[in-house]
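Below is one structure, written out as structure tokens; the observations come after it.
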Amino acid sequence: MPLPFELLHMEVVRYAREQEALANVINPREALEGIDKSSNALVYKALASRNAATRLESMGVRVGYLLAEKICKDLPRITTELEIMKFVCKEFWINVFGRQVDNLRTNHQGTYVVQDNRFPFISSFAEGAQYTQDALVYLVMPCGIIRGALSALGIQALVTHSTELLPTVKFHIHLSAKA
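Per my numbering, residue 1325 is the first one in the sequence shown, and the count goes up by one each step.
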């Protein structure tokens, strides 16, 4: 049985893809009427984008940021990079995706690989390499969620994904160099 968040995610992806398909028909200014661009410039820019992946990642960043703030509000402050990554892979992952990750690896140079062998957002896809391409758009928002959570915890990162055989997903997290 899918989690309610999984069902919502499927609908959000479907909607974003439909909007991308309609973007060539509708004038972008008409689509943005009624949105206050001064209140949140990032959200406005994301919605102004015609690309479904950009919209999904932007939504994910906002959701991940808010979820991380909510989950760790009563916890002691997490200070080290490794502690933050462990928090994301255990507490955050359980709260958002319903289970812990299967594997966390690092090269100790700012790159982490998080592996989930039964990632819930694509577990409903048939297993096999031929369905991998169709599933890729469903991994964009989770990348944004992870990036948003890391941002809330004080880490700027680039999060990408790879999958060879469904439903196994590897999230590659490249931390930005500290200033």
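Heads up, the beta-carbon is just placed ideally off N, CA and C, and yes, glycines get one too.
- The Cβ neighbour count for D1398, taken over all protein chains shown within 10 Å, is under 16; the residue is labelled exposed.
- Proximity to P1444 across Y1389, N1375 and V1493 peaks at V1493, based on C-alpha coordinates.
- Beta-carbon to beta-carbon, R1429 and Y1436 are separated by about 7 Å, close enough to satisfy the 8 Å threshold.
- Contact between the segment 1394-1412 and the segment 1443-1460 is not established, with fewer than three Cβ pairs separated by less than 8 Å.
- Between I1402 and L1474, the CB-CB gap reaches or exceeds 9 Å.
- Secondary structure of V1425 (DSSP, three-state): coil.
- Contact check for Y1389 against G1478 fails: the beta carbons are separated by 9 Å or more.
- A distance below 9 Å separates the beta carbons of D1440 and V1425.
- Within the segment 1400-1487, the runs of alpha helix (DSSP H) that reach at least 4 residues and sit entirely inside it are, in chain order, 1405-1411, 1417-1421, 1456-1459 and 1464-1476.
- If you ignore the 5 residues before and after C1467, its C-beta comes within less than 8 Å of the C-beta of E1381, G1384, V1483, T1484, H1485 and F1495, all in its own chain and listed in chain order.
- Residue environment analysis places L1490 among the buried positions, since at least 16 neighbouring C-beta atoms fall within 10 angstroms of its C-beta.
- Contact check for A1481 and I1497: beta-carbon distance about 5 Å, within the 8 Å limit, so the pair qualifies.
- For K1494, the enclosing beta strand (DSSP E) begins and ends at V1493 to L1499.
- Spanning the alpha carbons of V1438 and F1329 requires a straight line of approximately 20 Å.
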